[in-house]
Amino acid sequence: MVFRKLLACLMAVGALSGCASMQSAMQPVQPWEKDQLAKEEMQLVPDRTEEFFDSRVYFSREAAFGGKGVGGGGCGCN
22 MVFRKLLACL MAVGALSGCA SMQSAMQPVQ PWEKDQLAKE EMQLVPDRTE
72 EFFDSRVYFS REAAFGGKGV GGGGCGCN
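The sequence shown begins at 22 in the working numbering and counts up by one.
Below is the structure:
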């Protein structure tokens, strides 16, 4: 029983030290290295205006539920 606990602790320490040593090998990605992902249309929300109106329509439709995490119901008594 003690052997298993010791082995588990040693494996955990080994795994964590391996992760720590990989941290120094990682370098931040430069904007020109992102290639296609750096394009504006590849972002999660490429058009802020469209996202604003979509969320507004979604909120008004789901007002009885609460929309995007806003308290209150569809009555407007937040």
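Where a beta carbon is used, it is the ideal one built from N, C-alpha and C, also for glycine.
Excluding sequence positions up to five away, which residues of its chain have a Cβ less than 7 Å from the Cβ of Val66?
Only Glu72 meet the Cβ criterion.
Please look up how many angstroms separate the CB atoms of Ala59 and Pro52, rounded, as I've assumed it's under 8 Å. Contact holds; Cβ gap of about 6 Å.
**Study point:** For Leu58, the three-state DSSP class (helix, strand or coil)
**Key:** Helix, per DSSP.
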